[in-house]
Amino acid sequence: MVSTGQMMGYVMAILLPLIAVLIPFYILWKQSSKVERGMLGAIGYGIMGYFWQEIIYSFLGLLALTKMRDVLNATGGNAVVVAFVEALAGSIFVAAGLYWGVYLTNTKQRSLYRSTTVGLGFGLGAALLTYGFQLYYAIRINVGAFTGTDMAKASILSTSTASLYLDAVRNILVVLVYMGVAFLVGKNYLEKKRLAAWLTPIIVYVFIRFTDVILNTYAPALVAKIVYMVVLAFVAAVSVWMVRNWYQSEKQAKKQF
0 MVSTGQMMGY
10 VMAILLPLIA
20 VLIPFYILWK
30 QSSKVERGML
40 GAIGYGIMGY
50 FWQEIIYSFL
60 GLLALTKMRD
70 VLNATGGNAV
80 VVAFVEALAG
90 SIFVAAGLYW
100 GVYLTNTKQR
110 SLYRSTTVGL
120 GFGLGAALLT
130 YGFQLYYAIR
140 INVGAFTGTD
150 MAKASILSTS
160 TASLYLDAVR
170 NILVVLVYMG
180 VAFLVGKNYL
190 EKKRLAAWLT
200 PIIVYVFIRF
210 TDVILNTYAP
220 ALVAKIVYMV
230 VLAFVAAVSV
240 WMVRNWYQSE
250 KQAKKQF
C-alpha cells in the first residue's frame with residue numbers, strides 16, 4: 000500500500016507547481032488583459048509543447064536503448080560523454096517544444112506576455128506528465144487495480160515522502176526556470192533573432208541537466224540533491240529577476256500614456 004504521506008507527496012508534487020504557475024499567471028494576465036487576450040491559450044500551448052516533445056523524446060530514447068544498449072550503459076569517462084550527448088539531445092526537444100508554443104501564441108498577435116506564459120504551461124506540463132501518472136498508479140495500487148510491472152510498483156512504493164516533497168519544491172523551481180527561458184525565447188523570436196531563440200533553451204537545459212548528471216556521478220546522493228537544488232534555485236531566481244524587471248518597465252511605460 001502507498002502510505003498517506005506518500006500520496007500527499009504525489010499530490011503536492013502537482014499542486015505546488017500549479018500554485019507557482021497561478022501567481023505569475025495572474026500578475027501577467029492582470030496587466031496584459033487591458034490590451035490583449037489569449038493567456039489561457041498560451042498556458043495550453045506550453046502544456047502541449049511539453050507533452051509532445053517529451054513523448055517523442057522518450058520514444059526515441061527507448062528505441063536508442065534497444066539499438067545501442069552497450070554504448071548507453073558506458074561507465075567512467077565514457078558515461079559522462081554519453082550523459083552530455085543525452086542532455087544535448089533532450090535540450091533540442093525542449094527548445095522545439097518551447098519554440099513551437101511561442102510561435103503559435105504569436106501567430107495572430109505578437110505578445111511577450113503570452114510568450115512568457117508559454118513557459119509557465121511548459122513547466123506545469125512537466126509536473127503533470129511525470130507525477131500525474133505516478134499519482135494515478137499510486138491510487139490504483141491502493142485500490143488493488145494496478146496492472147503495471149512489479150518494477151514500476153516497487154518504484155512507487157519505495158519513493159520516500161521526503162523525496163516527494165523535495166521533488167515538489169524542484170517542480171516549483173522548474174516552472175520558474177521555464178518561465179524565464181520562454182521569456183527569452185519570446186523576446187528573441189519577436190526581435191527576429193531566431194537562432195538565439197533556439198539556443199537559449201538548449202544552453203540552459205544542457206547546463207542544468209549536465210550539472211545534475213555530474214553531481215549524481217561524483218557526489219554522494221544527498222550532497223548531489225542539495226547542490227542541484229541550489230543551482231536550480233539560482234537559475235530560477237535569475238529567471239524571476241529578468242521577468243520582473245521587464246514587467247516593471249512595461250508597467251511604468253503604460254503609466255506614462
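Residue numbers for the sequence shown follow numbering that gives the first Met the number 0, beginning at 0 and rising by one. The beta carbon of each residue, even a glycine, is placed where N, CA and C say it ideally should be.
Distance CB(residue i)-CB(residue j) smaller than 9 Å
{"i": "G122", "j": "L175", "result": "yes"}
{"i": "F209", "j": "F83", "result": "yes"}
{"i": "I201", "j": "V101", "result": "no"}
{"i": "Y188", "j": "G124", "result": "no"}
{"i": "M7", "j": "I140", "result": "no"}
{"i": "M241", "j": "G179", "result": "yes"}
{"i": "Y130", "j": "I54", "result": "no"}
{"i": "T160", "j": "G4", "result": "yes"}
{"i": "Y227", "j": "L214", "result": "yes"}
{"i": "T199", "j": "L183", "result": "yes"}
{"i": "V222", "j": "I207", "result": "no"}
Alpha-carbon spacing of residue i relative to residue j, whole angstroms
{"i": "W51", "j": "G118", "result": "15 Å"}
{"i": "A63", "j": "Y217", "result": "25 Å"}
{"i": "I155", "j": "E190", "result": "45 Å"}
{"i": "V234", "j": "L111", "result": "20 Å"}
{"i": "I225", "j": "K107", "result": "43 Å"}
{"i": "G60", "j": "A181", "result": "25 Å"}
{"i": "I22", "j": "K66", "result": "45 Å"}
{"i": "R243", "j": "F132", "result": "33 Å"}
{"i": "G120", "j": "L172", "result": "13 Å"}
{"i": "T115", "j": "V20", "result": "11 Å"}
{"i": "V79", "j": "K33", "result": "50 Å"}
Option in the options with minimal Cα separation from residue i
{"i": "L127", "options": "T104, A167, A161, L103", "result": "A167"}
{"i": "G37", "options": "L59, V93, N105", "result": "N105"}
{"i": "V10", "options": "G45, G100, N170, A63", "result": "N170"}
{"i": "S2", "options": "L134, P23, L111, G40", "result": "L134"}
{"i": "L87", "options": "L14, V34, A12, Y56", "result": "Y56"}
{"i": "W245", "options": "S31, A12, A19, V20", "result": "S31"}
{"i": "A236", "options": "Y177, K152, N215, T199", "result": "Y177"}
{"i": "W197", "options": "Y164, G45, W99, L27", "result": "W99"}
{"i": "M47", "options": "V81, L97, W28", "result": "L97"}
{"i": "R109", "options": "S248, A41, S162", "result": "A41"}
Buried or exposed by the 16-neighbour rule on C-beta atoms within 10 Å, applied to residue i
{"i": "R113", "result": "buried"}
{"i": "P219", "result": "exposed"}
{"i": "V212", "result": "buried"}
{"i": "Y25", "result": "exposed"}
{"i": "G259", "result": "For the chain, the structure presents residues 0 to 256; residue 259 sits outside this window and is missing."}
{"i": "L39", "result": "exposed"}
{"i": "I18", "result": "exposed"}
{"i": "L194", "result": "exposed"}
{"i": "L15", "result": "buried"}
{"i": "A153", "result": "exposed"}
DSSP-derived helix/strand/coil call for residue i
{"i": "A235", "result": "helix"}
{"i": "T199", "result": "helix"}
{"i": "V34", "result": "coil"}
{"i": "G147", "result": "coil"}
{"i": "Q108", "result": "coil"}
{"i": "E249", "result": "helix"}
{"i": "E53", "result": "helix"}
{"i": "M47", "result": "helix"}
{"i": "S154", "result": "helix"}
{"i": "A41", "result": "helix"}
{"i": "K66", "result": "helix"}
{"i": "V142", "result": "coil"}
{"i": "K191", "result": "coil"}
{"i": "M0", "result": "coil"}
{"i": "P16", "result": "helix"}
Minimum Cβ-Cβ distance from residue i to chain C less than 9 Å
{"i": "L128", "result": "The structure shown contains no chain C; it is built from a single protein chain."}
heavy atom of the ligand NAP below 8 Å from residue i C-beta
{"i": "F209", "result": "Of the ligands one can find in the structure shown there are none, so the ligand NAP has no counterpart to examine."}
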